[in-house]
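Working notes, structure below.
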DNA sequence: CCAGACGTTGTT
DNA sequence: GTCTGG
DNA sequence: CCAGACGTTGTT
DNA sequence: GTCTGG
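In my numbering, the protein residues as written are 10 to 239.
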C-alpha cells in the first residue's frame, strides 16, 4: 500500500514541470521527508483540458460526505473496486489525478519487526502515483482531497509488499489524466506489471514516527536493490 | 419503506 | 482493542 | 502508514 | 448521492 511518502523539492519540481503543460507557472514545493495521511499534498489534475497543480488533503472526502472524517480508511483506494465502490467510482470516472512523489515508504515485517524501505525511481527524478480526487463543500468550507490507488504488487516487488501504489510512466500519465479516457481502457495501468524501474533501500526506523520530518527519514541502513522493468 | 454504510491492509 | 493525530 | 492515547476535576 | 440490508 502507500501510507507515507516524500517530496524533495528541487528534483521533484523538475519532474512535475515535465508532466505539466509547458506554459504552466513553476510550482513552489517545499521539501517534506515524511508525509502522512491527512496532510496536504501537491496533486496534478486536469481542469478545462489543462494540467494543474493543487494542494489537497491526502484522505479522500467524497462530495456527499456529511463532514470530512477519518472514520473510513480513504487514503488508499483498491484498484480492483474503483469502478463499483460508492466512495470512489465518481472520482474514478472523472476526477483522476497524479500524486507526484520523490519516493514512498513501505514496511515489511521481518522476524516480527517492521522494517521501513524507501522506494524511488531508478532512472527519473520522481514517481507518478495514480490517484483520485474530490471536492467537498458545506457552508463556507471547501475541501479538496485525494487518495492513492493501490494494486497487487508485481512479482518483482512481492518480496517487499503484497500491495503497492500504482506507478505510471509518461504515456500512462497522459491516459490517466485525460478525462475522456474510458475507465475500461485503464485496466492495463492497474495490472500487476512493473512499468517504471525502481530502487529500494532499507532505511532507519526513525521514519516510523510521523512527527519526524527531517532527512534522517531516508538514512539508509543497508544496500539498495534495483528492480528492472517486467 | 427507512437506516446505515460508504474503506484499507494484514494477521492469527 | 480501537481510535485519533501526524 | 505508525505512534500514542484511551480521563476527570480543579488549580496555579 | 446512492446502494445494501432488514
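C-beta atoms are modelled at their ideal positions from N, C-alpha and C, and glycine is treated no differently.
Note that the structure is a prediction, hence the values are computed from the model and not measured.
| query | result |
| --- | --- |
| Between the stretch 214-234 and the stretch 123-140, are three or more C-beta pairs nearer than 8 Å? | yes |
| Who are residue 87's beta bridge partners in DSSP? | 159 |
| If you follow the beta strand (DSSP E) that residue 229 is in, where does it begin and where does it stop? | Looking at the DSSP string, residue 229 is not in any beta strand (DSSP E), and its letter there is neither H nor E. |
| Looking at the unbroken alpha helix (DSSP H) that takes in residue 26, where does it start and where does it end? | 18-28 |
| Under the rule that 16 or more other beta-carbon atoms within 10 Å means buried, what is residue 57, buried or exposed? | exposed |
| Determine contact between the stretch 71-84 and the stretch 144-162, defined as no fewer than three beta-carbon pairs at a distance below 8 Å. | yes |
| Any idea what DSSP makes of residue 81, helix, strand or coil? | coil |
| Quick test of your reading: residue 15 and residue 110, contact by CB under 8 Å. State the CB separation rounded to the nearest angstrom. | 6 Å |
| Give me, in chain order, the residues of the same chain whose beta-carbon lies closer than 7 Å to that of residue 146; leave out the 5 immediate sequence neighbours on both sides. | none |
| May I have the straight-line CA-CA distance separating residue 229 from residue 43, to the nearest angstrom? | 15 Å |
| Can you list, in chain order, the residues of its chain with a C-beta nearer than 7 Å to that of residue 234? Leave out the 5 residues immediately preceding and following it. | 209 |
| Determine the direct distance from the alpha carbon of residue 91 to that of residue 223, and round the result to whole angstroms. | 34 Å |
| Taking the C-alpha atoms as reference points, what is the distance between residue 102 and residue 181? | 16 Å |
| Work out the CA separation of residue 119 and residue 78 for me, nearest whole Å. | 33 Å |
| What's the C-alpha gap between residue 201 and residue 185? | 16 Å |
| Can you list, in chain order, the residues of its chain with a C-beta nearer than 8 Å to that of residue 219? Leave out the 5 residues immediately preceding and following it. | 13, 43, 45 |
| Out of 65, 161, 59, point me to the one whose CA is closest to residue 183's CA. | 59 |
| State the start and end residues of the unbroken beta strand (DSSP E) segment that holds residue 93. | Premise fails: residue 93 is in no beta strand (DSSP E) and is neither H nor E. |
| Does DSSP classify residue 63 as helix, strand or coil? | strand |
| Compute the Euclidean distance between the alpha carbons of residue 194 and residue 187, then round it to the nearest angstrom. | 12 Å |
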